[in-house]
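Trainee: Provided herewith is a single structure, encoded as structure tokens, for subsequent inquiry.
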Amino acid sequence: MPIKDFVLLRPQDIVKNGWAHEQLHVSVGSGWDEFAKFWDDLPIDPYVQPSHRTRRYRRLGRLLGRSRGGLETLPAEPFYQAEDVNRVYGGQVRQFAPITPEMHGNANLRAAIAHDLGFISRASGIDGDWVITVHMIRVAADGDSTSAPAPEGRHSDGHDYVAIHLVGRQNCTGGVSRVFRKGENEPLFEHTMVNPMETIVLDDRAMEHEVSPIGPVGAGIATRDMMIIDFDRA
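Numbered per this note's numbering, the sequence shown spans residues 182 to 415.
What follows is the structure, encoded as structure tokens:
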């Protein structure tokens, strides 16, 4: 399997701190390259406006994670966040291009979800089904411009748990992730993810996060590819 030998996040970290950070190990090979190339086929995010200072491409998919194992692909649905959760896009019913059947069946995606689901089930103590939303996102910038991965700034996503995976970054500076406890001003964690499948898992009910803008290191286009997976009790 292209993704193997996961270093397991410790459930006690997210129970105690509300967040956890770890590296999921990736073996080098054609399987991973094939997975990463899915991000070359993302359509433009149609809800981004010039005032949002970002260039973003994305797809979205939904699955059901069964408590006894197994994943079921769910029909596509519009994506909605309340205005008090997302001050830029909240209140909009957004319809994103669906994740392709090939991506849904990809072993790397399935392995990452299985890892996250096992970790979250242990951390929460919940033995039940989960609705899983997968966001494939590419943010790009070139020239003298920067691009904001999260134009809404510091925020939560409105879910139970969120797993944030870096797929890759090219010719890129910036993209510093910060994690906060709700109601507190100082970040508890500040870090630039640079390695494929470097991961932050959040208790989204207790925590907020933000990402600084990205820009190109020199000539050419800067890209930052992310896979963000939301988990909600079914």
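We put the beta carbon where it would ideally sit given N, CA and C, even for glycine. What you are looking at is a predicted structure, and each value in this text was computed from that prediction instead of being measured.
When DSSP labels each residue in this structure, what does MET378 get in the three-state scheme?
Mentor: If DSSP states are grouped into helix, strand and coil, MET378 belongs with coil.
Trainee: My assumption, with CB atoms under 8 Å, is that ARG275 sits in contact with PRO259. Please give the rounded CB distance.
Mentor: Right, the Cβ-Cβ distance comes to about 6 Å (below 8 Å), so this counts as a contact.
Trainee: At a cut of 8 Å, does the segment 380 to 397 reach the segment 200 to 207 through at least three beta carbon pairs?
Mentor: yes
Trainee: Since I believe ALA322 is in contact with ARG236 (beta carbons under 8 Å), could you give me their beta-carbon distance rounded to a whole number of angstroms?
Mentor: Going by Cβ atoms, the distance from ARG236 to ALA322 rounds to 6 Å, so yes, they are a contact pair.
Trainee: Which two residues bound the contiguous beta strand (DSSP E) that contains ASP385?
Mentor: Element bounds for ASP385: n/a, residue is neither H nor E.
Trainee: Apply the 10 Å Cβ neighbour rule to ARG249 and answer buried if 16 or more other Cβ atoms are within range, or exposed otherwise.
Mentor: exposed
Trainee: Pick from PRO377, ILE395, ILE280 and GLY401: whose alpha carbon is nearest that of ALA331?
Mentor: ILE395
Trainee: As a quick exercise: from HIS206, VAL360, GLU333 and VAL229, pick the residue whose alpha carbon is nearest that of ALA387.
Mentor: VAL360
Trainee: What three-state label does DSSP hand ILE307 in the structure shown?
Mentor: coil
Trainee: Among the residues of its own chain, which have a CB less than 7 Å from the CB of ALA415, if the five just before and after it don't count?
Mentor: LEU245, GLY309, ASP310, TRP311 and VAL312
Trainee: In the DSSP output, what is SER328 paired with across the bridge?
Mentor: ILE395
Trainee: If the criterion is Cβ atoms closer than 7 Å, does the pair VAL343 and ASP411 meet it?
Mentor: In terms of Cβ geometry, VAL343 and ASP411 form a close pair [threshold 7 Å].
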